[in-house]
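Visitor: This is the structure I have questions about; it appears just below.
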Amino acid sequence: MITLSDIGAAALGGGELRAGGTDLMSRPAAGPHIDLRGLPELSGVTWLPDGSVRIGALTTIAALAADERIAAAHPCLALAAAALATPQIRSVATVGGNLLQRNRCAYFRNPAFSCFQSGGNGCPARAGHTLRAAVVDSGPCVAPHPSSLAVALLGCEATAEVDGTAPFPVGELYGDGSDPTRDHLLPPGAVLLAVTLPPPQEGERAAHHRTAGRALAEWPLVEAAARLVVADGRVTFARVSVGGVARVPLRLTEVEDALLAGEPLERAAELAATRCAPSGQNAYKVALLTGTVLEVLERAWAPAG
Amino acid sequence: MKIVVNGVRTELDTGPDEPMVDVLRDELGLTGTKAVCRTGVCGACTVMVEGEPRLSCLMPAAAAEEQEVTTVEGLDHPVQRAFAAHDGLQCGYCTPGLVVEAAAFVDGWRAGHGDVAPPRETIAAAMAGHLCRCGAYEGIQAAIAAACRGEHDGDAVTPARVEAMDKVTGRARYTTDVRLDGQLEGVIIRATRAHARVTSVRAAAAHVVDLLPSDRVVRYAGQPIAAVAAPTRREALAIAAGAEIGYEPLPAALDDAPDAPDVYGEDERKKAPNHSEGPTMSAPWNGNVRGPFNRMSKRGRTAAQRVEAARAAGDPGLVAGTFTTAVQVHTPLEPHACVARWDEDGALHLHMSTQAIEMVAAQAAKRWGLPADKVRVVAEHVGGGFGAKAGVTAETVAAVELARACGVPVRVVLGRDEELTTAGNRPGTRTEIALLTDGEGNLSALTVDVHARGGVAVGSGVAVMARLMYGRAPRRLRDYDVVTNEPPAAPFRGPGAPPLLWALEQTVDETAHRRGEDPIALRRRWDGNPKRQALYEVAAALPAWTGRPATGSQTGRLRRGVGVAAANWMYMLDPGTEVELTVEGGVVVARTATQDIGTGVRTVIASVVAAELDLPAERVRVEIGRTGVVHGPGALGSRSTASVAPAARDAARRLRQAGLTEGTRVVGKRRRDRRGYVTPFAVGGMAIGRGFSGAVHVTEVEVDTRLGTVRPLRVWAGIAAGHIYAEGPARGQCEGGVVQGLGYALYEERHVDPVTGVVLTANLDDYQIPGIADCPEIDVHFHQEGWDHVNGQGVGLGEVSTIGVAASVGNAVYNATGWRPRDLPIRPDRLIEGMYGR
Ligand SMILES: Cc1cc2nc3c(=O)[nH]c(=O)nc-3n(C[C@H](O)[C@H](O)[C@H](O)COP(=O)(O)OP(=O)(O)OC[C@H]3O[C@@H](n4cnc5c(N)ncnc54)[C@H](O)[C@@H]3O)c2cc1C
Ligand code: SF4
Ligand code: FES
Ligand code: FES
Chain U
-18 MITLSDIGAA
-8 ALGGGELRAG
2 GTDLMSRPAA
12 GPHIDLRGLP
22 ELSGVTWLPD
32 GSVRIGALTT
42 IAALAADERI
52 AAAHPCLALA
62 AAALATPQIR
72 SVATVGGNLL
82 QRNRCAYFRN
92 PAFSCFQSGG
102 NGCPARAGHT
112 LRAAVVDSGP
122 CVAPHPSSLA
132 VALLGCEATA
142 EVDGTAPFPV
152 GELYGDGSDP
162 TRDHLLPPGA
172 VLLAVTLPPP
182 QEGERAAHHR
192 TAGRALAEWP
202 LVEAAARLVV
212 ADGRVTFARV
222 SVGGVARVPL
232 RLTEVEDALL
242 AGEPLERAAE
252 LAATRCAPSG
262 QNAYKVALLT
272 GTVLEVLERA
282 WAPAG
Chain R
11 MKIVVNGVRT
21 ELDTGPDEPM
31 VDVLRDELGL
41 TGTKAVCRTG
51 VCGACTVMVE
61 GEPRLSCLMP
71 AAAAEEQEVT
81 TVEGLDHPVQ
91 RAFAAHDGLQ
101 CGYCTPGLVV
111 EAAAFVDGWR
121 AGHGDVAPPR
131 ETIAAAMAGH
141 LCRCGAYEGI
151 QAAIAAACRG
161 EHDGDAVTPA
171 RVEAMDKVTG
181 RARYTTDVRL
191 DGQLEGVIIR
201 ATRAHARVTS
211 VRAAAAHVVD
221 LLPSDRVVRY
231 AGQPIAAVAA
241 PTRREALAIA
251 AGAEIGYEPL
261 PAALDDAPDA
271 PDVYGEDERK
281 KAPNHSEGPT
291 MSAPWNGNVR
301 GPFNRMSKRG
311 RTAAQRVEAA
321 RAAGDPGLVA
331 GTFTTAVQVH
341 TPLEPHACVA
351 RWDEDGALHL
361 HMSTQAIEMV
371 AAQAAKRWGL
381 PADKVRVVAE
391 HVGGGFGAKA
401 GVTAETVAAV
411 ELARACGVPV
421 RVVLGRDEEL
431 TTAGNRPGTR
441 TEIALLTDGE
451 GNLSALTVDV
461 HARGGVAVGS
471 GVAVMARLMY
481 GRAPRRLRDY
491 DVVTNEPPAA
501 PFRGPGAPPL
511 LWALEQTVDE
521 TAHRRGEDPI
531 ALRRRWDGNP
541 KRQALYEVAA
551 ALPAWTGRPA
561 TGSQTGRLRR
571 GVGVAAANWM
581 YMLDPGTEVE
591 LTVEGGVVVA
601 RTATQDIGTG
611 VRTVIASVVA
621 AELDLPAERV
631 RVEIGRTGVV
641 HGPGALGSRS
651 TASVAPAARD
661 AARRLRQAGL
671 TEGTRVVGKR
681 RRDRRGYVTP
691 FAVGGMAIGR
701 GFSGAVHVTE
711 VEVDTRLGTV
721 RPLRVWAGIA
731 AGHIYAEGPA
741 RGQCEGGVVQ
751 GLGYALYEER
761 HVDPVTGVVL
771 TANLDDYQIP
781 GIADCPEIDV
791 HFHQEGWDHV
801 NGQGVGLGEV
811 STIGVAASVG
821 NAVYNATGWR
831 PRDLPIRPDR
841 LIEGMYGR
């Protein structure tokens, strides 16, 4: 089995790292796979004395969803994990692979097309079919970022630990979405070791929701996560993050600020529309975005049960 | 590397990244495990690894090193018997993956909860990673619930269909599983241009078989150009990917714009393939538009004049509108597949995934200039078809030509991308409809104009279907084909009817609404079909119907609605059908040249013979799926049951007279109906009989007006197709018809890149079919009277059971929201735009 220190060299040979393989195996192979499974540095869920939790990159999504302590401390992460893909995918797919998976643009995955993301020079999707395209326009590529966990982790203000670098906020894995050639910014061969979530806020309530046509097993059109602390009918802490609408998972600070300023939930949710610049067929995503944000705000405000 | 498969320690010599499913199927010959999507969406490839269900398409075999793998062949679990008993399957292609996953779920559930049935949603969530194109989800739910209750721990079950145990154990062999000695794998090289003349083809293979038409023009992206073969599919794919094709580009028509370039030159129009099930009807061409075909109109001018006058006068009795439907793709889980072998005597042997073995044999004999007895076709089990698998198609031509060129058997199996892009579809349509009601509330005129986009193919018959419903009022019915440089349509379960009913049944609903009349009451006044009258009576008394909300009365976020739609279909049969019975080893063996694509025709024959001869099930065996025996029907146009069942009964009666002594052989015929048929003689093995089958669907939905989603909650399916020969499979057909109809209503839509003409929905992530969690509770009601003139008193129901479903959903959404959907599918974006105008 490979050790962490050998991976850099192995990746230079053109190989791609493989964790659960559920994304990798569904794409044409770029080179031999480098199997990460079993690397101790990437395994395990560890609770640290300050209440934060370090989740190894090889932790499966099913394990994440089933972890009661995580569910209690970080419900939106557990909910996002439990709702994505299918039971079988969840049981092999990993946290690292989920964060670093490639996008699902139909043009990117079709060998008949070449585009920025596949080493080409252009974006056939922009002039083509745009029903699922990102509605927040941040650069030449309009494929929505695929990772559901990234949305939740962004809202949880998690940090990422990459072999050989100091921990950094999860959002920096993706940048601002202006680079159309990739879905994350790690160089080839860089190994994501873990993500770490700081302890939750005292009394926080959280929610997560995916909006899709079919009941289960479908990629969301829009998804959102919210964490709120409500005291005496006022929001004193808010984190709102969304996916499916932009090249990268997004935190909506404008919505958070409005909540803190005492705006009603509906008004705050409407602000999610301000960044949107629909084009082609994706204008409906604006309504779905504000609707989905309202959904998580309402649920976090008054959790069921 | 070493793995333990079904208890056997096995040494494997595979590349480290080779998917497990290929190792199991190709190296170990364990073909029970199926490969369908290869992208983790369908679950057909599920195996157990160390007791946990895993997708073998996304798992490198190397990841199971030193681990214990159990495939369906090694599974021995009560849930398999439960699937057989509760009919959790039709074609059976999804079944191996489902039973492996279900076994793990059932064990886990019983360990945690005891022997009680889980809630429906729990089962759906657990099985969410499996797709069943036949829509056997109700049976799957029932089977898993029963297994959880511990009902099938014993040995014996009475299977709902005779071949069920073969399908739940992985023994059933499909064409994709066939492997002959020395066989090569063939792959089709396809056009990447929507319209071009091919000037050169170069591929690194000893034999490159040409598949181009004589003018060397490709008219859609994905059209076959050539085929190559290699020892493995991977190698053949690599050769195909490396092929160099020279193109001289031609302008392509990718929409219906009036100035779109011509797809066919004037003298090429005859080449347009026909996507109807009948002969090509002549019609005028105007550029890319062919039509109108209007010969089914009835006092068409009167109808048009009345509608025009009403429009000019602002007559409130006139309801008019435009309705559209998306292109729907068949995507049976077993793709088109053919294994071809030429023997020493020059005879051609085909294993084929087909709905019509005799049609294939006849077409192959003609195409390759062979006497009829020199073509043998085998289709033992067929993993679904839905209309797209009739006759000699591209994979067959490729396999046969490659087998001849290479001198060895060749197998060609379409990839899911090919199946989803080029192997057939139901055309997208635009329908202008106007329906006029007179002062007494009677239908006074109807006009229907339908433009259908069947790609490079023609033969749309949508408007014509409106001839067959709602009495004799004048009607002008015009069908047009709009040809484009897109892949050809093919007949699809009830060709023409779903788009017509989408428009017509919503317009009838709208008429009732404007009149303030109950939509069922209005249909009872207008609909002269006595069998549907019986269905309306039951439907009108359903609690769902009587308790439905007033349209537009709800203001909350979640709104419930109930909608009704009627459907009508021809009764077709193959009057030349025969069934042969032979007593062999004390067992009565039934043979006829038909095939079971999941409809249950094996079971129909078996149950008729067993009942007539009063024999236990184990003393009757049905051997179908092979030519070279007495004539049997193709599985097209809902004709199988009405054709084989009477012939089987006739044979059984003869055998009883002859006595069941060893070796006795009799042949039974499909005797004529009283009063004969509408068609004086059978054309292509098909006659149209007297009377129409009918359906009434009552569908209840919940609309989320915030997020734009529509959830089907319950469907009542009333079906009038006379005597039901085999209850389980018939119910399965009707439930599957509902599921496919819901897919058509809510999710299914082929997308084509508007610039290149390349089909984008090339995997099962992007082409969305209903999953188990989308399947509502379905209540099937059979009205069995009214077919006394028919030999056997029963007719087919495969098509009538699906064609009206989408319209019932449209009417339910209208009832819930007051907004009427006009475009299919009813996507979240459309609902939101329709309700809020944004
Ligand atoms: C039907 C279906 C529905 C789905 N729906 C959703 C959904 O709704 N939301 C969602 O988020 N996902 C969804 N997925 C995708 C699924 O979650 C991903 O495929 C999975 O999370 C990838 O994890 P993996 O471990 O299998 O990654 P792999 O396939 O092993 O790897 C994915 C990528 O990450 C890289 N990588 C993996 N681990 C590391 C590491 N530690 N360090 C550096 N690089 C690494 C690999 O090199 C590769 O490029 C769906 C998938 C399917 C099939
Ligand atoms: S949206 Fe992105 S992935 Fe899709 S074609 Fe454009 S550049 Fe490629
Ligand atoms: S073939 Fe593996 S999930 Fe479909
Ligand atoms: S029985 Fe499930 S696909 Fe046919």
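Chain order of the listed sequences is U and R.
Residue 50 in our numbering is what sits at position 69 of the first sequence, and the numbering runs on without skipping anything.
The number in our numbering is simply the position in the second sequence, starting from 1, with 10 added.
C-beta atoms are modelled at their ideal positions from N, C-alpha and C, and glycine is treated no differently.
Since the structure is predicted, the reported quantities are computational estimates derived from the model, not experimental observations.
What is the rounded straight-line gap between the Cα of Arg421(R) and the Cα of Arg171(R)?
Guide: So the two alpha carbons sit approximately 29 Å from each other.
Visitor: Would you identify the three-state DSSP class for Gly820(R), choosing helix, strand or coil?
Guide: In this structure, Gly820(R) counts as helix in the three-state DSSP scheme.
Visitor: Could you spell out where the beta strand (DSSP E) holding Tyr230(R) opens and where it closes?
Guide: Element bounds for Tyr230(R): n/a, residue is neither H nor E.
Visitor: In the structure shown, what three-state DSSP assignment does Thr812(R) receive?
Guide: Coil.
Visitor: Pair every Cβ in the segment 177 to 188 of chain U with every Cβ in the segment -18 to 1 of chain U, then say whether three or more of these pairs are closer than 8 Å.
Guide: Too few Cβ pairs lie closer than 8 Å, so no.
Visitor: Roughly how far, in whole angstroms, is the beta-carbon of Arg682(R) from the beta-carbon of Arg700(R), given that I think they are within contact range, below 8 Å?
Guide: Contact flag wrong, Cβ pair sits at about 11 Å.
Visitor: Can you grab the Cα-Cα spacing for the pair His55(U) / Phe115(R), in whole Å?
Guide: C-alpha separation (whole angstroms): 27 Å.
Visitor: Does any residue of chain U bring its CB to less than 7 Å from the CB of Ala620(R)?
Guide: Ala620(R) does not count as touching chain U.
Visitor: What does a CB cutoff of less than 6 Å around Pro261(R) pick up in its chain, not counting 5 residues either side in sequence?
Guide: Pro271.
Visitor: Consider the C-beta atom of Ala54(R) and the heavy atoms of ligand 5; say whether any pair is separated by less than 6 Å.
Guide: Of the ligands one can find in the structure shown, namely ligand 1, ligand 2, ligand 3 and ligand 4, none is ligand 5.
Visitor: So Leu167(U) is in the beta strand (DSSP E); what residue range does that whole segment cover?
Guide: It is not in any beta strand (DSSP E) - Leu167(U) carries neither H nor E in the DSSP assignment.
Visitor: Which residues in chain C have a C-beta closer than 9 Å to the C-beta of Ile842(R)? List them in chain order.
Guide: The question asks about chain C, but that chain is absent: this structure's protein chains are U and R.
Visitor: With 9 Å as the C-beta to C-beta threshold (strictly closer), list the residues of the segment 179 to 205 of chain U near chain R in chain order.
Guide: Cβ contacts with chain R: His190, Thr192, Ala193, Gly194, Arg195, Ala196, Leu197, Ala198, Glu199, Trp200, Leu202, Val203.
Visitor: From the beta carbon of Leu65(R), is the nearest beta carbon of chain U less than 7 Å away?
Guide: So yes, Leu65(R) belongs to the interface.
Visitor: Taking the CB atoms as reference points, tell me whether Pro509(R) and Val466(R) lie closer together than 7 Å.
Guide: Going by C-beta atoms, Pro509(R) is not nearer than 7 Å to Val466(R).
Visitor: Do Val711(R) and Val720(R) count as a contact pair if the criterion is CB distance below 7 Å?
Guide: The answer is yes: Cβ separation under 7 Å.
Visitor: Cα-Cα, which of Ile367(R), Glu37(R), Glu368(R), Ile734(R) is closest to Thr613(R)?
Guide: When only C-alpha atoms are compared, the closest one is Ile734(R).
Visitor: Here's a check: name, in chain order, each residue in its chain whose Cβ is nearer than 8 Å to the Cβ of Leu453(R), leaving out the five neighbours to either side.
Guide: Within the same chain, Leu453(R) has close Cβ partners Leu445, Leu446, Thr447, Tyr480, Gly481, Ala483, Trp536.
Visitor: Are the C-beta atoms of Asn91(U) and some chain R residue less than 7 Å apart?
Guide: Taking Cβ atoms only, chain R reaches closer than 7 Å to Asn91(U), which makes this a yes.
Visitor: Among all the DSSP beta bridges, which residues are the ones paired with Leu154(U)?
Guide: Beta-bridge pairing links Leu154(U) to no other residue.
Visitor: Regarding Arg171(R) and ligand 3, is the C-beta to nearest heavy atom distance less than 6 Å?
Guide: Checking every heavy atom of ligand 3 against the Cβ of Arg171(R), none is found closer than 6 Å.
Visitor: Skipping 5 residues on each side, what residues in its chain have a beta carbon closer than 7 Å to that of Gly170(U)?
Guide: Excluding residues within five positions, the ones whose Cβ falls inside 7 Å are Ile(-12), Gly(-11), Ala(-8), Leu(-7).
Visitor: Starting from Pro831(R), find everything on chain U with Cβ-Cβ shorter than 9 Å and list it in chain order.
Guide: Here the premise fails: no neighbours, minimum Cβ distance about 14 Å.
Visitor: Taking only the alpha-carbon atoms, compute the straight-line gap between Thr217(U) and Thr561(R) and give it to the nearest angstrom.
Guide: Straight-line Cα distance between these residues: approximately 43 Å.
Visitor: Between Ile782(R) and the rest of its own chain, which residues show a CB-CB distance below 8 Å, the 5 nearest in sequence each way excluded?
Guide: For Ile782(R), where only same-chain residues beyond five positions count, the Cβ hits under 8 Å are Ile133, Ala134, Met137, Ala138, His140, Cys142, Tyr147, Ile150, Gln151.
Visitor: By the DSSP assignment, the beta strand (DSSP E) with Asn578(R) in it spans what residues?
Guide: Counting along the chain, the beta strand (DSSP E) containing Asn578(R) begins and ends at 568 to 583.
Visitor: For chain R, is any of its Cβ atoms less than 7 Å away from the one on Ala131(U)?
Guide: No, Ala131(U) lies away from the interface with chain R (no Cβ there is under 7 Å from its Cβ).
Visitor: Taking buried to mean at least 16 other C-beta atoms within 10 Å of its own C-beta, is His461(R) buried or exposed?
Guide: His461(R) should be labelled buried.
Visitor: Could one say the Cβ of Arg567(R) lies closer than 7 Å to chain U's Cβ atoms, at least one of them?
Guide: It does not; no Cβ of chain U falls within 7 Å.
Visitor: Sorted by chain position, which residues of the same chain lie with C-beta nearer than 6 Å to Ala409(R)'s C-beta, five sequence neighbours on each side aside?
Guide: Contacts found: Gly196, Cys348, Ala350, Val420, Val422.
Visitor: Measure the Cβ-Cβ separation of Thr40(U) and Val26(U) and say whether it is below 7 Å.
Guide: For Thr40(U) and Val26(U), yes; Cβs fall inside 7 Å.
Visitor: Distance cutoff 7 Å, beta carbons only. Does Pro838(R) sit that close to anything in chain U?
Guide: True, the Cβ-Cβ gap to chain U drops below 7 Å.
Visitor: Let's test the definition: count the other Cβ atoms within 10 Å of the Cβ of Trp28(U) and tell me whether it reaches 16, buried, or not, exposed.
Guide: Burial call: exposed.
Visitor: With a threshold of 7 Å between beta-carbons, can His123(R) be considered close to chain U, or not?
Guide: False, the Cβ-Cβ gap to chain U never drops below 7 Å.
Visitor: Quick one: is Tyr846(R) buried, meaning 16 or more other Cβ sit within 10 Å of its Cβ, or exposed?
Guide: Label assigned to Tyr846(R): exposed.
Visitor: Taking only beta carbons into account, state which residues of the segment 44 to 68 of chain R come closer than 8 Å to chain U, listed in chain order.
Guide: Flagged, chain order: Arg48, Thr49, Gly50, Val51, Gly53, Thr56, Glu62, Pro63, Arg64, Leu65, Cys67, Leu68.
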